[in-house]
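Counting along the sequence shown from 1, when you hit position 158 you're at 158 in the numbering used here, and nothing is skipped either side. What follows is a short report on a single structure.
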Amino acid sequence: MEVIYKFFGRRRFLSNDYKTAVAYQGLTYENAESAFQAQKCVERAYEFVGLRPNEAIVLGNTVELRKDWDKVRDGVMYEIVRCKFVQNSKIRRMLVDTAGREIVWSNFCHENHFGDCSCEKCADIKGENLLGKILMMLRQEFIDGFLTTSPHSALDFSDNVDYRDDYYFNAFSKTAFVRNEPFAVNRADYPDEE
Ligand SMILES: [Zn+2]
């Protein structure tokens with residue numbers, strides 16, 4: 001089976017770093033990574049709104065980790081990655097288009113739980129690749145009917161628009177965009193790495 005290892009170039013959308021609005025539990029983040037990091041300390045989740053992925057990781061490493069994090073983090077990852085694709089019809093179709101290929105998040109940051117690190121030190125470690133498994137699971141879910149039935153989400157962040165005026169956005173997330181920055185999805189902010 002053909003395997004997708006690299007989440008960049010035209011596969012950039014598979015990465016949690018990909019810039020697309022993700023609404024989760026009342027807040028709207030700029031990317032799935034920020035939404036995930038925010039769950040480490042729910043009381044401070046609003047601080048992750050508007051952050052870039054690398055900024056969110058730094059903050060996520062300094063907040064007081066919720067006590068049940070090890071128990072909930074896999075479920076949180078599933079929910080957030082699901083929100084990302086449920087709320088953006090364009091990348092949902094791109095995910096479905098990868099059908100028939102295995103998805104492995106190959107990384108160099110020693111992340112062997114959600115992915116599989118390809119560095120020399122980790123050569124003997126077989127990563128669990130949980131993110132890849134979640135992506136494949138969601139893909140199957142979408143193939144099995146999500147795309148052909150009525151929308152499951154009122155949100156669709158796939159267009160290049162300013163969501164601050166969006167009725168659903170306002171209904172879902174009153175505290176988002178505390179920085180009051182323009183939010184048009186700008187691909188140039190996250191240039192492809194290839
Ligand atoms: Zn490594």
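A virtual CB, placed ideally from N, CA and C, is assigned to each residue, including glycine.
- By DSSP's assignment, Asp116 forms a beta bridge with Ser106.
- Residue environment for Gln140: exposed (fewer than 16 other C-beta atoms within 10 angstroms of its C-beta).
- Inclusion of Ser89 and Asn107 in the CB contact set at 8 Å is not warranted, their separation being larger than that value.
- Taken in chain order, the complete alpha helix (DSSP H) segments of 4 or more residues contained in the segment 41-108 are 53-60, 69-86 and 89-96.
- Ordered by chain, the residues meeting the criterion of a beta-carbon within less than 6 Å of a non-hydrogen atom of ligand 1 are His110, Cys117, Cys119, Lys121 and Cys122.
- For Glu33, the enclosing alpha helix (DSSP H) begins and ends at Ala32 to Ala38.
- The residues Ser106, in chain order, have a CB closer than 7 Å to that of Lys6 in the same chain once the five nearest residues on each side in sequence are set aside.
- In this structure, Arg66 lies away from Lys84, with their beta-carbon atoms at least 8 Å apart.
- When the alpha-carbon of Leu130 is set against those of Gly75, Ala99 and Ala32, the nearest one is in Gly75.
- Under the 10 Å beta carbon count, Val42 is surrounded by fewer than 16 other beta carbons and is classified as exposed.
- Within the same chain, and ignoring the five residues on either side of Phe36 in sequence, the residues whose Cβ sits closer than 7 Å to its Cβ are Asn16, Val76, Met77 and Ile80.
- Within the model, the alpha-carbon separation for Asn112 versus Phe157 is close to 30 Å.
- Assigned with DSSP and collapsed to three states, Ile125 falls in coil, not helix or strand.
- Within the DSSP bridge table, the entry for Leu130 names no partner.
- Note: Ala23 is bridge-paired with Thr28 in the DSSP secondary-structure output.
- For Thr62, the number of other beta carbons within 10 angstroms of its own is below 16, and it is reported as exposed.
- Within the model, the alpha-carbon separation for Ala99 versus Met137 is close to 11 Å.
- Between Ile91 and Thr20 a beta carbon distance of about 7 Å is seen, short of the 8 Å cut, so the two are scored as contacting.
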